[in-house]
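Keeping their order, the protein sequence lines are chains A and B.
The opening position of the first sequence corresponds to residue 2 in this note's numbering, with each subsequent residue numbered one higher.
The opening position of the second sequence corresponds to residue 2 in this note's numbering, with each subsequent residue numbered one higher.
Here a beta-carbon is modelled for each residue, glycine too, at the ideal position from N, C-alpha and C.
2 protein chains.
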Amino acid sequence: MRPTARKIASVLTQKGYKLTAQRRAVIDVVVSSSEHLAPAALYERVRRTHPAIGLVTVYRTLEMLSELGLICRVHRGGKSRSYTLALLGHHHHLVCSRCGTVADFTGCDLEELQQRLSQDTGFKIEGHLLQFVGDCRNCQGVT
Amino acid sequence: MRPTARKIASVLTQKGYKLTAQRRAVIDVVVSSSEHLAPAALYERVRRTHPAIGLVTVYRTLEMLSELGLICRVHRGGKSRSYTLALLGHHHHLVCSRCGTVADFTGCDLEELQQRLSQDTGFKIEGHLLQFVGDCRNCQGVT
DNA sequence: CTGGTAAATGAAAATCCTTTTCAGTTAGAT
DNA sequence: ATCTAACTGAAAAGGATTTTCATTTACCAG
Ligand SMILES: [Zn+2]
Ligand SMILES: [Zn+2]
Ligand SMILES: [Zn+2]
Ligand SMILES: [Zn+2]
């Protein structure tokens, strides 16, 4: 089930972060939107209700939420990052290379491979990055 | 076995690319180094033997070699990209989050998952991005 | 309720990495 | 040797993110 803004706010205070109006505003937007949003896009939305907020603060808040595991990040090569609520627990993304639409999926099932690599290389593996790239239904057939 | 500079050069001419001194220089550096190099680092090395080369040309050459599948790219979050000789065919990377060391591995075995996702989402999947992140043997235990 | 204080903010500047532009150069075909 | 499209490099533009620093604010203690 979707975390509420309230729930997220309480995590912040528990961790010793201050609960500012700006952070609330960012959290509200994240919670109420289903898309993955780039910092700039999120900034635009937040400004509707909180016109004085700075883009820097949006960056900082996203960074913080991401470190707390409350939002997750989509990696897009050189292009800008984007974030969405981490509602699924551990999951990954399928990204449309044309329009940028993101679909989530769970069940990456990489533990076995991770084991093998750990043994073969001596790396202490801490995480993985998995993403599929392709054309979404809408973008197929479009030149 | 490692592709030679000569072999790579011949691929270029076969594909209709001109074989310039600059491209030769970039290829030589790529072939003779085992690390994954960022464009800027590669530029520095190339300059030792070819001081007049421009960073832009390094970027362009790397892009070209990458598209031909002759070198492969490591993805590093927001940070700069980096490349190394593509000796393994289809493979992925294990990246040390501290020093940046990269180990290659093959056998990602994602076809089944890819099938499933394709059916579930309607995406026409064209590729995947897989990378493990951790601490390499050397960096473990270092604060 | 007051402070007091460390944390947080925002504007601007600074960094970085990468791409674009464009005028001049050159590889390689004829 | 000539020709031309491909290639090059300097500089500028672009874009995203980070740093800096003076100002403001949340929240704990009193
Ligand atoms: Zn699409
Ligand atoms: Zn996973
Ligand atoms: Zn590789
Ligand atoms: Zn390391």
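List the DSSP bridge partners of residue i.
{"i": "Leu95 of chain B", "result": "B:Ala104, B:Phe133"}
{"i": "Cys73 of chain B", "result": "B:Thr85"}
{"i": "Lys125 of chain B", "result": "A:Asp136"}
Would you mind working out which of the options sits nearest residue i, comparing C-alpha positions?
{"i": "Gln15 of chain B", "options": "B:Leu69, B:Arg3, B:Leu95, B:Thr5", "result": "B:Leu69"}
{"i": "Pro52 of chain B", "options": "B:Asn139, B:Ala22, B:Gly90", "result": "B:Ala22"}
{"i": "His91 of chain B", "options": "B:Arg74, B:Ser83, B:Gly55", "result": "B:Arg74"}
{"i": "Gly142 of chain B", "options": "A:Ser67, A:Met65, A:Val12, A:Phe124", "result": "A:Phe124"}
{"i": "Gln120 of chain A", "options": "B:Ile126, B:Ala104, B:Leu131, B:Arg117", "result": "B:Ala104"}
{"i": "Asn139 of chain B", "options": "B:Glu127, B:Thr122, B:Thr102", "result": "B:Thr102"}
{"i": "Leu13 of chain A", "options": "A:Val57, A:Leu131, A:Leu66", "result": "A:Leu66"}
Just curious, the beta strand (DSSP E) that residue i is in, first and last residue?
{"i": "Ile9 of chain A", "result": "Ile9 of chain A -> not in any beta strand (DSSP E); alpha helix (DSSP H) instead, spanning 6–15."}
{"i": "Ser83 of chain A", "result": "83–86"}
{"i": "Arg48 of chain B", "result": "Segment 40–50 is the alpha helix (DSSP H) holding Arg48 of chain B; no beta strand (DSSP E) there."}
Taking 7 Å as the line, does the beta carbon of residue i fall inside it for any heavy atom of ligand 3?
{"i": "Thr85 of chain B", "result": "yes"}
{"i": "Cys73 of chain B", "result": "yes"}
{"i": "Asp105 of chain B", "result": "yes"}
{"i": "Arg92 of chain B", "result": "Note that residue 92 of chain B is His in the sequence shown here, rather than Arg. Flag set: Cβ of His92 of chain B near ligand 3."}
Would you mind reading off the limits of the alpha helix (DSSP H) that contains residue i?
{"i": "Glu25 of chain B", "result": "The sequence given here has Arg at residue 25 of chain B, not Glu. 22–33 is the extent of the alpha helix (DSSP H) around Arg25 of chain B."}
{"i": "Leu66 of chain B", "result": "56–68"}
Look at residue i and residue j and say whether their C-beta atoms are less than 8 Å apart.
{"i": "Ala41 of chain A", "j": "Arg25 of chain A", "result": "no"}
{"i": "Ser98 of chain A", "j": "Asp136 of chain A", "result": "yes"}
{"i": "Arg7 of chain B", "j": "Leu88 of chain B", "result": "no"}
{"i": "Leu114 of chain B", "j": "Asp110 of chain A", "result": "yes"}
{"i": "His129 of chain A", "j": "Phe106 of chain B", "result": "no"}
{"i": "Thr62 of chain A", "j": "Val27 of chain A", "result": "yes"}
{"i": "Val32 of chain A", "j": "Val47 of chain A", "result": "no"}
{"i": "Leu71 of chain B", "j": "Val59 of chain B", "result": "no"}
{"i": "Thr85 of chain B", "j": "Leu56 of chain B", "result": "no"}
{"i": "His93 of chain A", "j": "Leu131 of chain A", "result": "yes"}
Please indicate yes or no: does the CB of residue i lie closer than 7 Å to some heavy atom of ligand 2?
{"i": "Leu111 of chain A", "result": "yes"}
{"i": "Leu131 of chain A", "result": "yes"}
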